[in-house]
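Asks:
Residue numbers (my numbering): 15 to 152.
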């Protein structure tokens, strides 16, 4: 609701910040104009501005960076190890591309024991010895 044209306020209210505001009777008010549906041009502008705001956000910037990297057809290296400490050794090595296709996969036989916490995560049986892998990688 809004005050009808030409109606004087019943009282004035002074804000502690210095502004003055009128107070009207509800009977002296008229309904506000109904909201019209957006035009096609307004819908397109709204969608464009929303996309621009999302792309300027931190998440949007990282998404653009990830998209840029993925267009370079990267290769991802995945390793499974005997543990998390400095003496841990690799159990399995794999390479996959951005489409998830396996490029390379092999298992190794470490010279140290597997940490029980690591064994709970990965189950490896009959791994290769490192000299066999070094020949396959060259």
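A virtual CB, placed ideally from N, CA and C, is assigned to each residue, including glycine.
Less than 7 Å between C-beta atoms, sequence neighbours within five positions excluded: which residues of the same chain meet that for residue 43?
Replies: 15, 16, 17 and 18, listed in sequence order.
Asks: Mapping DSSP to helix, strand and coil, what is residue 21?
Replies: Coil at residue 21, not helix or strand.
Asks: Quick one: what's got a C-beta closer than 8 Å to residue 83's C-beta in the same chain, skipping five residues either side?
Replies: Excluding positions up to five away in sequence, the list is empty.
Asks: Along the alpha helix (DSSP H) that carries residue 54, what are the first and last residues, could you check?
Replies: Unbroken alpha helix (DSSP H) run through residue 54: 54-70.
Asks: I'd like the ranges of any alpha helix (DSSP H) spanning at least 4 consecutive residues and lying wholly in the segment 89-142.
Replies: List check, alpha helix (DSSP H) in window: 130-135.
Asks: Could you pull the DSSP bridge partners for residue 28 from this structure?
Replies: BP columns for residue 28 point to 34.
Asks: What does a CB cutoff of less than 6 Å around residue 68 pick up in its chain, not counting 5 residues either side in sequence?
Replies: So the list reads 74, once near-sequence residues are dropped.
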